[in-house]
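Residue numbers (full-length UniProt numbering): 1 to 481. Note that the Cβ used here is the ideal one computed from N, Cα and C, for glycine as well. This structure is a prediction, so every number in the text was calculated from the model and none was measured.
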């Protein structure tokens with residue numbers, strides 16, 4: 001693999017593709033969505049074999065993948081995402097005249113995307129990172145995850161088929177295989193302009209550090225997992241104990257606990273702890289173990305459980321059964337809030353169907369928990385309306401700890417739309433100002449540029465007088481179309 005040749009080709013593709021209209025970019029993405037749909041049977045078959053995930057799950061994931069591609073196609077065709085802003089010249093202003101200044105977002109350049117192990121389609125080859133980068137106008141060098149190589153290769157073929165049919169440059173997308181050394185080399189190459197990653201904290205932090213050691217540091221958008229805590233209040237549990245226990249266990253065990261939004265931590269008031277623990281345990285006993293994505297993930301899960309079993313602070317309600325190592329067995333441990341607060345190891349994600357129930361004495365202790373809580377993708381609050389009225393300080397604290405704050409339901413299930421925020425304060429991600437799901441993901445791979453007193457005929461269409469693209473723009477401080 002000659003990285004110089006690979007990146008030089010991607011850079012050439014970038015210089016062409018960045019100037020392709022939103023209509024043409026959208027048409028390319030729509031063709032890709034159609035191509036994936038037409039190859040559904042083969043893609044699903046390969047993904048089922050390589051991931052141990054059921055056919056229904058993979059079909060749903062492919063549907064989500066196609067849906068988010070079509071959504072980004074719609075966004076780039078409409079065009080307002082570039083934040084076109086115009087301050088017209090004011091030559092007669094005193095004491096000094098104002099120049100004509102026009103600002104918009106422009107794509108960064110070649111982006112390195114790392115595939116995720118737990119989503120062989122939606123967060124992988126043609127997943128959200130790849131598609132948001134392509135939508136922004138950036139070529140993608142994609143580092144395939146070794147857990148599902150044949151699925152990745154087939155999806156890459158679909159991307160190239162769409163590239164060919166829409167006359168886009170072939171180096172717009174490059175599929176690369178390999179291990180850690182190959183991934184590090186991609187990040188270090190001087191023509192790489194950004195990195196997207198979904199995976200472990202160790203992997204994401206290593207890439208982040210590597211990118212910041214470059215002569216030219218580049219942004220790393222790493223989604224590194226979360227324990228997605230749920231905060232429970234007494235009246236809510238009194239009223240809905242069994243219903244909430246069922247919802248919690250369903251969310252915890254979804255995908256054998258291998259979603260980045262599975263809730264692995266739940267805070268329960270002492271007055272309701274016994275009843276809620278029993279209800280959770282009853283639900284967990286009905287959950288059969290199932291194959292995890294691959295043996296490496298299963299081994300890491302049981303190693304984490306084994307370490308936690310050595311900690312005296314934990315009381316085990318249900319112990320994981322490691323008899324069949326590939327299968328992920330459910331586990332539940334209980335700990336006092338006072339003990340939980342003493343060691344940050346109890347906040348680390350255990351990737352699998354394990355949950356820690358933290359029993360707190362009073363609301364003062366809950367405030368201390370919120371203050372010490374690490375950054376999360378999500379935080380959920382289960383409380384009756386009247387219980388929330390006196391919790392504004394707690395809510396204010398929790399807002400600072402997450403990217404999505406829920407007041408109903410469970411955190412699993414991430415809507416791909418306009419308002420979704422999938423990202424949060426460190427260590428859940430390396431950049432809390434961005435999202436990896438939803439249309440705002442496109443802005444990760446763009447930067448602002450301003451043109452001052454540029455002749456009309458040279459301006460991008462998005463900034464020309466008369467608004468030839470018909471997009472929403474801010475002109476002299478007012479939005480208009």
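Look at the beta carbons and you see the segment 79-93 touching the segment 446-462: at least three pairs across the two are nearer than 8 Å. The continuous stretches of alpha helix (DSSP H) do not include residue 464, and DSSP gives it neither H nor E. Taking 7 Å as the cut-off, the beta carbon of residue 186 is found closer than this to the beta carbon of residue 141.
In the structure shown, residue 15 falls within a helical segment according to DSSP collapsed to helix, strand and coil. Distance from the CA of residue 380 to the CA of residue 236, rounded to the nearest whole angstrom, comes to 13 Å.
Per DSSP, reduced to three states, the secondary structure at residue 60 is helical.
When DSSP states are grouped into helix, strand and coil, residue 143 belongs to the strand group. Secondary structure note for residue 387: its alpha helix (DSSP H) is the uninterrupted segment 385-388. A straight-line Cα-Cα distance of about 24 Å links residue 204 and residue 4.
The three-state secondary structure of residue 410, taken from DSSP, is coil. Per DSSP, residue 391 lies in no alpha helix (DSSP H) segment and is marked neither H nor E.
Taking a 10 Å sphere around the C-beta of residue 416, we find 16 or more other C-beta atoms and assign the residue as buried. Assigned with DSSP and collapsed to three states, residue 375 falls in coil, not helix or strand. From the listed residues 253, 413, 192, the smallest Cα separation to residue 10 is found for 192. Taking 3 residues as the shortest admissible run, the segment 222-300 contains the following complete beta strand (DSSP E) segments, listed from N- to C-terminal end: 230-232, 265-269. One alpha carbon belongs to residue 226, the other to residue 458, and they sit about 47 Å apart. Contact annotation, residue 469 with residue 424: C-beta distance approximately 34 Å; criterion of less than 8 Å not satisfied. For residue 198, the enclosing beta strand (DSSP E) begins and ends at 194-198.
In this structure residue 332 is buried. Its beta-carbon is surrounded by 16 or more other beta-carbon atoms within 10 angstroms. Rounded to the nearest angstrom, the gap between the Cα atoms of residue 195 and residue 428 is 16 Å. Between residue 473 and residue 222, the gap from beta carbon to beta carbon reaches 7 Å or more.
Counting only runs of 3+ residues, the beta strand (DSSP E) found wholly inside the segment 158-199 occupies 173-176, 194-198, in chain order. Residue 353 places its beta carbon 7 Å or farther from that of residue 466. Distance from the Cα of residue 384 is smallest, within the candidate group 329, 431, 233, 347, for 233. DSSP, reduced to helix, strand and coil, places residue 328 within a strand of the structure shown. Residue nearest to residue 394 within the set 409, 371, 295 is 371 (criterion: CA-CA distance). Between residue 107 and residue 138 the beta-carbon gap is near 5 Å, inside 8 Å, which marks them as a contact.
Beta-bridge partners assigned by DSSP to residue 1: none are found. Between residue 244 and residue 391, the alpha-carbon positions lie close to 21 Å from each other. Taking one beta carbon from each stretch, the segment 55-67 and the segment 110-125 have 3 or more pairs nearer than 8 Å; the two touch. The Cβ atoms of residue 206 and residue 220 lie no closer than 7 Å to each other. In the structure shown, the three-state DSSP call for residue 107 is strand. Taking C-beta atoms as the reference points, residue 350 and residue 335 fail to come closer than 7 Å. If you draw a straight line from the Cα of residue 283 to the Cα of residue 247, it comes to about 10 Å. Residue 311 has no beta-bridge partner at all, per DSSP. Burial state of residue 51 is buried, judged by a 10 Å Cβ sphere holding 16 or more other Cβ atoms.
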